[in-house]
Amino acid sequence: MEENRNDSTKPVNEGEQVVDNNEQQLHSDPFYTNPYATQPAFGQPVPVQPENIKQSGLGIASFIIALVAVLLGIIGIILSVAFTAGIADDPQSIVREIENNDISSVASIMVAGLMLIAGAGIAFIGLILGIVGAFAKDRRKAFAIVGIILNGLIVVGIVALTVLGLAIGANSV
């Protein structure tokens, strides 16, 4: 008869805790949360990010596109300055060459303009890639943010230069 006795009727030694079988089953349940556990001070716990998170591929592409757009802009500006320096002595020489259907002297300014337009176009694509890369989950966002900043500055800068050139051209006529 001694074997059929309930565990709760056993005498308790000092320092020993009595654990109910129902409580043991409750704690073994994977969905059990202790309502009396300590909670973080500001609601949700701070998420711990693993150390091996990869960079966003779209962010890296955005950064590389920004570098290419900067390179195209620099080359375009150099060609523009070279063209302007070439006609500084005799501005009418360009008019004479165009009237004679010789466009080789104007080719550098056309290439410079195309490079600036191409730089703005690919910078706009890089800006979109950077924004998409910044919203990628489980990826680092450093290159995406740098790509957004650089491509945004390039797009705004080239648009501002275009508007400035159009305004100056409209006022000089």
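Residue numbers for the sequence shown follow full-length UniProt numbering, beginning at 1 and rising by one.
A virtual CB, placed ideally from N, CA and C, is assigned to each residue, including glycine.
Source: prediction; values computed, not measured.
query	result
In whole angstroms, what is the alpha-carbon distance linking I75 and S108?	11 angstroms
Name the DSSP beta bridge partners of R140, please?	Q55
What residues in its chain sit with their C-beta under 7 angstroms from that of I87, if we drop five residues either side in the sequence?	S93 and I94
Within the same chain, show all residues whose beta-carbon is closer than 7 angstroms to that of G126, passing over the 5 residues directly before and after it, in chain order.	S62, I65, A66, A69, G147 and N151
Select from L166, I103, G119 and F124 the residue whose C-alpha is nearest the C-alpha of I77.	G119
Rounded to whole angstroms, what's the CA-CA distance from M1 to Y36? Just pull it up for me.	In this predicted model, M1 has a pLDDT of only 49, less than 50, meaning its place in the structure is not dependable; the value taken from the coordinates is given anyway. C-alpha separation (whole angstroms): 39 angstroms.
In the DSSP assignment, find the unbroken alpha helix (DSSP H) run with I103 in it and report its ends.	Segment: none, I103 is in no alpha helix (DSSP H) and carries neither H nor E.
G133 and S80 - do their beta-carbons sit closer together than 8 angstroms?	no
Rounded to the nearest angstrom, what separates I154 and I103 at their Cα positions?	30 angstroms
Look at the alpha carbon of G113 and the alpha carbon of P91, and state the distance between them as a whole number of angstroms.	19 angstroms
Please identify the residue among I53, K54 and I60 whose C-alpha is closest to the C-alpha of residue 181.	Past the boundaries of the shown model lies residue 181; the chain is included only from 1 to 173, so the question cannot be answered.
Can you name the start and end residues of the alpha helix (DSSP H) that F124 belongs to?	A107 to A134
With DSSP run on the structure shown, which of helix, strand or coil describes A82?	helix
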